[in-house]
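J.: The structure that follows is given in the form of structure tokens.
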Amino acid sequence: MEDLTIQVTEEMAGQRIDKAVSAMDEDWSRSQIANWVKDGAVRVNGQIVKPNYKVRLEDVIIATPPILEELDVVPEDLNLEIVYEDADVLVVNKPKGMVVHPAPGHSHGTLVNGLMHHCTDLSGINGIVRPGIVHRIDKDTSGLLMVAKNDASHTSLVNQLVRKSVTRKYIALVHGHIPHDKGTIEAPIARDPKERQNMAVVDKGKHAVTHFRVLERFGDFTLVECRLETGRTHQIRVHMKYIGYPLVGDPKYGPKKTMDIGGQALHAEVIGFDHPKTGEYMEYSAEMPEEFAELLESLRKKD
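Here it is, written out as structure tokens:
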């Protein structure tokens, strides 16, 4: 994996170096970053720092993650739905069932394989396995992702995510009748200490905020729009379960008795961001998949 370059923003200033760097990627824990700092793999303004170093405005951090595994990533024609594209950024509508980037057990058929076939100019900040990938959505979640086509754009988009200025709205169908029309869930998320493959609300987890509003009610089900303020792994799935309304079809966080729809009923409907070069705000939306729409229509008929 190639170096990751981060320019410290006002929102990041004052944070410990391990916290600032771990916020850039959900796969990296603060303890991992602390070890990299000790090993000299994280430098600030070209200098080795101590693990307790607090970053300052406009510091330039360069992290060099250790190479854990080399994967053969090959371009594949996957007929991707490109919603927008220019020389700096593209927006893609990922179908349900597609993994975002290659990993052991998923070396082919991923969004990255398709992107590499579609274009050759993708940012290299996240290395050969995740070229252009700024953020992710789960395999069985459909919807919009922004992709960086050069390193300058990648840095800009990541910093916007850190500043919480990116608009990310999801449509989710949950179990239960939510009586109130809107709400905010603010609960820290980390690895579940009992089930390490899962995420959970944990006291010492990473700060996580989800805003939701009810769109429609169907007896024992509720359709909600969820707006992410932060972007933790499985955030919407974990937060909605935490307040007692797990996602329909969710094999990991849903109830034992749920609909078998091939994964959670979750769609990334809206993405909005400032263009990395022009600064112009851009926003795009994608209709929910046909099977999701059909599920809602069947609930309307029963209601």
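So for the sequence shown, UniProt numbering puts the first residue at 1; every next one is plus one. The beta carbon of each residue, even a glycine, is placed where N, CA and C say it ideally should be.
Work out the CA separation of Asn113 and His101 for me, nearest whole Å.
T.: Residue 101 sits at position 101 when you count from the first residue of the sequence shown. Residue 113 sits at position 113 when you count from the first residue of the sequence shown. The alpha-carbon atoms of His101 and Asn113 are separated by roughly 8 Å.
J.: Quick one, which of Thr222, Arg56, Asp250 and Leu223 has its alpha-carbon nearest His234's?
T.: If you number the sequence shown from 1, residue 234 lands on position 234. Closest by alpha carbon: Asp250.
J.: I need the DSSP call for Leu68, collapsed to helix, strand or coil.
T.: Along the sequence shown, one-based indexing puts residue 68 at 68. For Leu68, the predicted model reports a pLDDT of 49, less than 50, meaning its position is unreliable; a value from the coordinates is still stated below. Here Leu68 sits in coil by DSSP.
J.: Measuring alpha carbon to alpha carbon, tell me which residue in Val60, Asn93, His267 and Gly219 is nearest His175.
T.: Sequence index remark: in the sequence shown, residue 175 carries index 175 (1-based). Out of Val60, Asn93, His267 and Gly219, Gly219 has the C-alpha closest to the C-alpha of His175.
J.: Measuring CB to CB, does Val49 end up less than 9 Å from Ile33?
T.: As a working note, residue 49 is residue 49 in the sequence shown. As a working note, residue 33 is residue 33 in the sequence shown. No, these two residues do not count as a Cβ contact at 9 Å.
J.: Between the segment 213 to 229 and the segment 178 to 193, are three or more C-beta pairs nearer than 8 Å?
T.: At 8 Å Cβ cutoff, the stretches touch.
J.: Could you compute how far the alpha carbon of Gly262 sits from the alpha carbon of Gln7?
T.: On the sequence shown, residue 262 is found 262 positions in, with the first residue counted as 1. On the sequence shown, residue 7 is found 7 positions in, with the first residue counted as 1. Approximately 40 Å, taken between the alpha carbons.
J.: Assign Tyr84 to one of two classes, buried (16 or more other C-beta atoms within 10 Å of its C-beta) or exposed (fewer than that).
T.: Residue mapping note: residue 84 aligns to position 84 of the sequence shown, counting from 1. Label assigned to Tyr84: exposed.
J.: In the DSSP assignment, find the alpha helix (DSSP H) that holds Asp151 and state where it starts and stops.
T.: Position 151 of the sequence shown, counted from the start, is the residue given in the question as residue 151. Per DSSP, Asp151 belongs to the alpha helix (DSSP H) from Asp151 to Val162.
J.: In or out: residue 321 buried (at least 16 other Cβ within 10 Å) or exposed?
T.: Here the chain comprises residues numbered 1 to 303, so residue 321 is not present and cannot be evaluated.
J.: So is Gln47 buried or exposed if we call it buried at 16+ other beta carbons inside 10 Å?
T.: Residue mapping note: residue 47 aligns to position 47 of the sequence shown, counting from 1. Burial call: exposed.
J.: Grab the span of the beta strand (DSSP E) containing Lys182 for me, first residue to last.
T.: Mapped onto the sequence shown, residue 182 falls at position 182. Segment Lys182 to Glu186, the beta strand (DSSP E) holding Lys182.
J.: If you reduce the DSSP assignment to three classes, tell me which class Asp274 lands in.
T.: Within the sequence shown, residue 274 is the residue found at index 274, counting from 1. Reduced to three states, the DSSP call for Asp274 is strand.
J.: Tell me whether the segment 144 to 152 and the segment 186 to 204 touch, counting them as touching only if at least three CB pairs, one residue from each stretch, are closer than 8 Å.
T.: The segment 144 to 152, when compared against the segment 186 to 204, does not touch it at the 8 Å Cβ threshold.
J.: Which residue marks the beginning of the beta strand (DSSP E) containing Asn93, and which one marks its end?
T.: Position 93 of the sequence shown, counted from the start, is the residue given in the question as residue 93. Its beta strand (DSSP E) spans residues Val89 to Lys94.
J.: Can you tell me where the beta strand (DSSP E) with Ala103 in it begins and where it stops?
T.: Counting from 1 along the sequence shown, the entry for residue 103 is found at position 103. Premise fails: Ala103 is in no beta strand (DSSP E) and is neither H nor E.
J.: Using the rule of at least 16 other Cβ atoms within 10 Å of the residue's Cβ for burial, across every protein chain shown, is residue 322 buried or exposed?
T.: Not covered by the structure: residue 322. The range shown for the chain is 1 to 303.
J.: Leaving aside the five residues before and after Asp140 along the sequence, list all residues of the same chain whose C-beta is less than 7 Å from its C-beta, in chain order.
T.: In the sequence shown, the residue the question calls residue 140 occupies position 140. The residues are Lys96, Gly97, Gly262, Gly263 and Gln264.
J.: Which same chain residues, not among the five before or five after Val209, have their C-beta less than 6 Å away from its C-beta?
T.: Walking along the sequence shown from the start, residue 209 turns up at place 209. If we look at Val209 and ignore the five residues flanking it on each side, its Cβ neighbours are Glu186, Glu229 and Thr230.
J.: Using a Cβ-Cβ cut-off of 6 Å (strictly less than) and excluding sequence neighbours within five positions of Ala268, which residues of its own chain qualify?
T.: Residue numbering aside, residue 268 sits at position 268 when the sequence shown is read from its first letter. Correct list, in chain order: Ile137, Gly143, Leu144 and Tyr170.
J.: Contact check, Ile17 vs Val44 under 8 Å by CB: the rounded distance?
T.: Within the sequence shown, residue 17 is the residue found at index 17, counting from 1. Within the sequence shown, residue 44 is the residue found at index 44, counting from 1. Going by Cβ atoms, the distance from Ile17 to Val44 rounds to 7 Å, so yes, they are a contact pair.
J.: Does the distance from the CB of Ile271 to the CB of Thr155 come in under 9 Å?
T.: To locate residue 271, count along the sequence shown from 1; it is residue 271. To locate residue 155, count along the sequence shown from 1; it is residue 155. No, they are not a contact pair.
J.: Cα separation between Thr120 and Gly132?
T.: As a working note, residue 120 is residue 120 in the sequence shown. As a working note, residue 132 is residue 132 in the sequence shown. Roughly 10 Å between the two C-alpha positions.
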